[in-house]
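Notes to accompany the following structure.
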Amino acid sequence: MTALDVLIELLQRADLRGGELKYVGHVEVSHWLSEVFECIDTTGLLSVTSDAELTFCHECLEPHLEQVVYTTDAAGASLPAIRCPTHGRVFIDRADLKRWRLDLGAFAGALAWSLGGKTRELLQGRCWSLGSLALGQAVVSLYLVRGASWPDGPETFETTCRLSTGAAVFHLGLQTAGRLPTTVRWTPLSEALRLEANQIVFRPDLALASTGRLSEYSIRRTGKLWQLTFAGESGMVPDRLGLSYISQLLTYPRRDFDALELSAVEASLLPGGVNPEDMTESSSGTDDEIMDDEYRTSVLARLGALDAKKSQHGLTAEEAQEGDVLRQQLTASLAIGGRPRRFPTETGNVRIRVSQAIRRAIEVIRPVLPGMAEHLETFVSTGSTLCYAPDDPVSWQT
Ligand SMILES: [Zn+2]
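Residue numbers (this note's numbering): 45 to 442.
Here is the structure:
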C-alpha cells in the first residue's frame, strides 16, 4: 500500500458516520512502512490523542480486549497494565497505547495552505472552505465536505451550509447521495490527490480538468463502460446499445431523429463509418434494399454454415444458389463504407427496437444515477421520431 492508498482509506473511514473508526491505533500504524507514516503525518490528518483505554492481552494465545489500568512503580512512575484472567497483571508498553485521531480540520488546513490560503470550518465536522482556485478564466471556490453520501447530505449542503454557486466540492468518500445541490460540482477528493516524491499533493485543478468534471453533465464511453455525470454526480454503467442512442440524442438536443438514423449511429462509430451528421439528408424517402441487424446476422450465420459445408461435403445446386442470393442481398444492403442502407417500411420495426434499447439503457442507469434516469425518461420522447427536449437547456459533454 502506498501512502496515497492508506490516506484514501483513512479518508473514507473519516467519512463514515459514527465515531468508532475515527481513531487509528498503534497496531495499525505499525503495519505501515515508516515512509508511509511520515508521508501521512505531513497531511495533518493524524493527530496524536489520548492513549487507548482498551488493549489486547499479548500474553494469551487467544487475544482478549481489556481495560487499561495504571499502577505506580516504586519511583512513582505510572505504568499501564491490564488484568488478564489467566496471567494476572500484564504490563503494557506505553507506546502500544498510542493512538491518533482523524483530524479533518487540520487536514483541511493543510489542503488550503498548499493552495496558499487558510481553511474555515463552515459547519462543524462537515464542511470546510479551502479558499479559491483560478481555473481558466474562472475563479472557483473549493470546499471539503464530510458525509456527502449521508441521508442528511442534501439538506445539509443545500440549506444549512450554503455553497457558492459553481464551487468545486471535494467529498471524502467515493459516492455522493442523490439530489445534492446541482449548483456546485461534486468530486471525490481522492481524484485530486497525487503522490509525488513521497509527498501527498493536492491538485484540484488536475482533478477538475482530467475527469471532465468541469461539465456537470456528461456521457462518455470508455471501453466497455460508460462514464456518466448528471448534475455533478458520476457513475459507471456497462455498455448498452441504447446508451449510444441516448448519447446521440443528448448531443443534438431538440433535434428530431428518425429511428433508422439513430440505429446507424453504431455503424458510424466503427472505423470508416459515417458521421451521423451526414446522414440526415439521405434519410428521407429511399427505396434502397435494407437488411435489419437481426436479419443480417442470420444471413451471415447461414453463409458461414454453407461455406463450412461446401469445404467438407460440397453443396447441392439449391444450396449453392441460396448462397449466391444471400451474398447478393448482403452486398446490396450495404452502402459504400459498410453502412446499412435504409428501407422506409422497416422504420416501424427499427423504431420499436431503438425505443426498447433506450428504455433498457435507462433501466441500467437508474440504480447508478436515479436522477439521470428520471431526467431521460421525462425528456427523451420515442414517438414517431426520437428527440431529447429538456425544459431547461442542459449542456452535455458527449
Ligand atoms: Zn490474557
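Every residue, glycine too, gets a C-beta built ideally from N, C-alpha and C. All values derive from a computational prediction rather than experimental measurement.
- When the alpha-carbon of residue 290 is set against those of 416, 370 and 236, the nearest one is in 416.
- When C-beta atoms of the stretch 46-55 are compared with those of the stretch 82-90, three or more pairs fall below 8 angstroms, so the two segments count as touching.
- According to the DSSP assignment, residue 240 belongs to the beta strand (DSSP E) that extends over 237-240.
- Spanning the alpha carbons of residue 297 and residue 428 requires a straight line of approximately 16 angstroms.
- Residue ranges of uninterrupted beta strand (DSSP E) with 3 or more members, entirely inside the stretch 257-308 and ordered along the chain, are 262-266, 269-274 and 277-282.
- In the displayed model, residue 80 falls within a helix according to three-state DSSP.
- Minimum Cα-Cα distance from residue 177 among the listed residues 244, 188 and 249 corresponds to 249.
- Contact residues of ligand 1 (beta-carbon closer than 7 angstroms to any heavy atom; chain order) are 101, 103, 104, 108, 128, 129, 130, 131 and 134.
- The three-state secondary structure of residue 430, taken from DSSP, is strand.
- In the DSSP assignment, residue 171 is bridged to 167 and 189.
- Of the residues 362, 371, 146 and 210, the one whose Cα lies closest to the Cα of residue 347 is 371.
- Shown here, residue 115 sits in a strand according to DSSP, grouped into three states.
- Between residue 86 and residue 219, the gap from beta carbon to beta carbon reaches 8 angstroms or more.
- When rounded, the separation of the alpha-carbon atoms in residue 57 and residue 413 is 24 angstroms.
- For residue 229, the pairing in a beta bridge is given by DSSP as 212.
- For residue 437, the secondary structure class from DSSP, reduced to helix, strand or coil, is coil.
- Per the coordinates, the alpha-carbon of residue 171 lies some 13 angstroms from the alpha-carbon of residue 230.
- Secondary structure of residue 199 (DSSP, three-state): helix.
- Taking C-beta atoms as the reference points, residue 399 and residue 426 count as a pair closer than 8 angstroms.
- Residue 130 and residue 51 have their C-alpha atoms spaced approximately 39 angstroms apart.
- Between residue 179 and residue 152 a beta carbon distance of about 20 angstroms is seen, past the 8 angstroms cut, so the two are scored as non-contacting.
- Contact annotation, residue 236 with residue 251: C-beta distance approximately 4 angstroms; criterion of less than 8 angstroms satisfied.
- Residue 145 sits away from residue 74, with the two beta carbons spaced by 8 angstroms or more.
- Secondary structure note for residue 57: its alpha helix (DSSP H) is the uninterrupted segment 47-59.
- Of all alpha-carbon atoms in 368, 191 and 195, the one lying nearest the alpha-carbon of residue 214 is that of 191.
- For the pair residue 104 and residue 55, the Cα-to-Cα distance works out to about 34 angstroms.
- For the 8 angstroms CB-CB criterion, residue 405 and residue 287 form a contact.
- Counting the other Cβ atoms within 10 Å of the Cβ of residue 362 gives fewer than 16, which makes it exposed.
- Between residue 205 and residue 233, the gap from beta carbon to beta carbon reaches 8 angstroms or more.
- Cβ-Cβ distances below 8 angstroms link residue 107 to 100 and 101 in the same chain, with the five nearest sequence neighbours on each side left out; the list follows chain order.
- Residue pairing by DSSP places residue 110 opposite 99 in a beta bridge.
- In the three-state scheme derived from DSSP, where H, G and I count as helix and E and B as strand, residue 126 is classed as strand.
- Pairing residue 210 with residue 184 gives a Cβ-Cβ distance under 8 angstroms.
- DSSP places residue 132 in the uninterrupted beta strand (DSSP E) bounded by 132-135.
- Going by DSSP, residue 94 is part of no alpha helix (DSSP H) at all; its letter is neither H nor E.
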